[in-house]
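Residues -25 to -1, 1 to 292 in mature numbering (1 follows the signal peptide of the UniProt record, and there is no 0) are what the sequence shown lists, from first letter to last.
Beta carbons: idealized from backbone N, C-alpha and C, even for Gly.
Predicted, not measured: the structure shown is a model, and the values here were computed from it.
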Amino acid sequence: MWTPHSRQCAVLIILVEYFVFDACAQNDHQPISGSPNIAALGPSVVKMERGNNTSCTINLHGATVVSWRVNNQEQLFLSKAAVLNGTRPIRGGIPIVFPQFRKWGEWEVGPKHGFARNITWTVEKPPEKLPNGDVEATFSLSDNMDTRYIWDHRFKLTYNVVLSEKALHCNISVYNPSKEYPLKFHLLLHNYIKVPDVTQCVVDGLHGCHYDDKMLDGQLLRETRDKIQVTSFTDRVYQSTDRKHVISNVMSGKMLLKKRNLADTVLWHPWEKARNITDMLEEEYPRMMCVEAGEVAHPVQLIAGNTYHAGQTLQVM
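The structure is reproduced here in structure tokens:
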């Protein structure tokens, strides 16, 4: 007899087989050639260099931006314990959450935060220099038999990354190729920002917004502070937030987060719970802060044949 438990077991087996195959498949990716100052590091990592020690590195596993350096100063946190062999999501950088955030809604047996961050993406457009000196690359992910078993929908994600002198532009689109059925999904760019001391890190642009606090069983509250600092475990979804946030006391002093067509802002910090995270060192938590841009409080409803465009810019101020 086929039961929900049987389905869960089957999904787990397929997930394990898929991701092991996926990790092995990384060896089939060929290094990407380009101009002398644009190079690919190994078969599964793409590096873009703009000059003046400004660079961006993308791991094809999840199309995860794992490094962004401005004048040789790293702006993103990547755990020293992060698993980079394709067997699990990467702990740090900018993972892509799709099609599900947490376990909200109808998501019953799929992995937390969806599957996009745990699948090898395709290089759709190799890195190239633009006339203004910026460097651009495009990656894509489409549905397959394994994703449809977990989430029975067709889709195509296109992820365009542009490296500027002081900014990193992350543009993502979701295409619904169905001629009949709508597509319902969450989408989030899970930014791990590197900081000297998280107790001094300040996030603005959230005053007056309602937020869902996981620590209070999802109770909906209203933010009364102009500037947010975290001093303990934090997991909040701020709804319908300002389009811009200034994040102060990061590695470069200040960073501007500009959102495009992403209504919500998530603040997450593990604090002492870092000791329970297997791919993160306990002593690392004071050096990171997650300020995430997403559409997660309410799922996107994308009608058949249409494309949803969204994105963010991280800019050193």
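Could you tell me the distance, in whole angstroms, from the CA atom of residue i to the CA atom of residue j?
i           : j      : result
THR206      : TRP246 : 8 Å
residue 293 : ASN135 : No statement about residue 293 is possible, as the shown extent of the chain runs from -25 to 292 and does not include it.
ILE13       : MET23  : Bear in mind that a pLDDT of 29 at ILE13, under 50, signals an unreliable position, so the number given afterwards is only what the model happens to contain. Approximately 5 Å, taken between the alpha carbons.
HIS273      : PRO74  : 12 Å
VAL137      : ILE147 : 11 Å
LEU105      : ASN28  : 18 Å
ASP201      : SER153 : 44 Å
residue 296 : SER117 : As shown, the chain starts at -25 and ends at 292. That puts residue 296 outside it, with no answer to give.
HIS182      : ASP188 : 15 Å
VAL110      : THR174 : 34 Å
ILE7        : GLY228 : At ILE7, the pLDDT of 31 sits below 50, so the modelled position is not reliable and the matter cannot be decided from this model.
THR209      : TYR186 : 12 Å
ARG46       : ASP127 : Reading off the sequence shown, one finds Asn at residue 46, where the question assumed Arg. In a straight line, the C-alpha of ASN46 is about 44 Å away from that of ASP127.
PRO101      : LEU191 : 45 Å
ARG123      : GLY67  : 27 Å
ARG235      : ARG218 : 7 Å
LEU(-14)    : ALA57  : In this prediction, LEU(-14) scores a pLDDT of 34, lower than 50, which makes its location untrustworthy; the coordinate-derived value is nonetheless stated afterwards. Roughly 22 Å between the two C-alpha positions.
SER115      : LEU164 : 15 Å
VAL266      : GLY280 : 32 Å
LEU196      : GLN214 : 10 Å
THR97       : SER19  : 10 Å
LEU53       : THR216 : 26 Å
CYS176      : HIS244 : 12 Å
ASN251      : LYS55  : 15 Å
ILE125      : GLY26  : 42 Å
GLU99       : THR282 : 17 Å
ARG63       : GLU103 : 29 Å
PRO(-22)    : ASN119 : Confidence at PRO(-22) is low in this model, with a pLDDT of 40, below 50, so the placement of that residue should be treated as unreliable; the coordinate-derived value is given next. Cα to Cα, the separation comes out at about 22 Å.
Let me check understanding here. Comparing Cα to Cα, which of the options lies closest to residue i?
i      : options                        : result
ILE65  : PRO74, GLN75, GLN50, ILE94     : ILE94
GLY89  : LYS141, LEU162, GLN50, LEU53   : LEU162
THR199 : THR122, THR29, SER215, CYS184  : CYS184
TYR156 : ASN28, ARG25, ILE278           : ILE278
LEU59  : GLY37, ILE71, ARG262           : GLY37
PHE76  : HIS284, ASN281, VAL275         : VAL275
GLY108 : LYS229, MET226, GLU140         : GLU140
GLN290 : VAL41, LEU51, SER19, ASP172    : LEU51
SER42  : GLY280, CYS145, ILE69          : ILE69
ARG92  : HIS244, ASN166, TYR124         : ASN166
ASN151 : VAL72, HIS144, LYS159          : LYS159
PRO261 : VAL271, GLU267, ALA249         : ALA249
GLY61  : ASN34, LYS55, TYR213, LYS169   : ASN34
HIS144 : ARG197, GLY26, CYS31           : CYS31
ASP121 : ALA142, GLU99, GLU267, PRO86   : PRO86
PRO171 : ARG63, GLN48, ALA142           : GLN48
VAL271 : ARG211, MET230, MET292, THR282 : ARG211
ALA142 : ARG44, THR282, GLU99           : ARG44
What span of residues does the alpha helix (DSSP H) with residue i cover, start to end?
i           : result
residue 293 : Outside the displayed span of the chain (-25 to 292) sits residue 293, for which this structure offers no information.
Return the first residue and the last residue of the beta strand (DSSP E) that residue i is part of.
i           : result
GLU258      : First-last for GLU258: undefined, no H or E at that position.
PHE208      : Run containing PHE208: none; DSSP gives neither H nor E here.
GLY228      : 228 to 235
GLU24       : 20 to 26
ILE33       : 29 to 34
HIS161      : 158 to 164
ARG44       : 39 to 45
PHE114      : 110 to 117
TRP243      : 239 to 244
GLY286      : 282 to 291
residue 294 : What is shown of the chain runs -25 to 292, which leaves residue 294 out entirely.
VAL225      : 219 to 225
ALA142      : 142 to 150
ILE168      : 167 to 169
ASN251      : First-last for ASN251: undefined, no H or E at that position.
Below 8 Å on the Cβ atoms is my guess for residue i versus residue j; work out the distance and round it to an integer in Å.
i      : j      : result
ASP179 : VAL149 : Rounded, the Cβ-Cβ distance is 29 Å, inconsistent with contact.
GLN287 : LEU232 : 6 Å
MET264 : ILE203 : Not a contact, Cβ separation roughly 10 Å.
VAL72  : GLY269 : 7 Å
MET226 : MET292 : Going by Cβ atoms, the distance from MET226 to MET292 rounds to 12 Å, so no, they are not a contact pair.
If we define contact as Cβ-Cβ less than 8 Å, is residue i a contact residue for chain B?
i      : result
PHE130 : The displayed structure is made up of one protein chain only, and chain B is not part of it.
Taking 7 Å as the cut-off, does the CB of residue i come closer than this to any heavy atom belonging to the ligand HEM?
i      : result
ARG200 : Among the components of this structure there are no ligands whatsoever, and the ligand HEM is therefore not found.
Meets three-Cβ-pair contact criterion under 8 Å: the stretch 238 to 255 and the stretch 127 to 134: No, they do not touch.
Three or more C-beta pairs closer than 8 Å, one from the stretch 211 to 231 and one from the stretch 252 to 259: is that the case here? no
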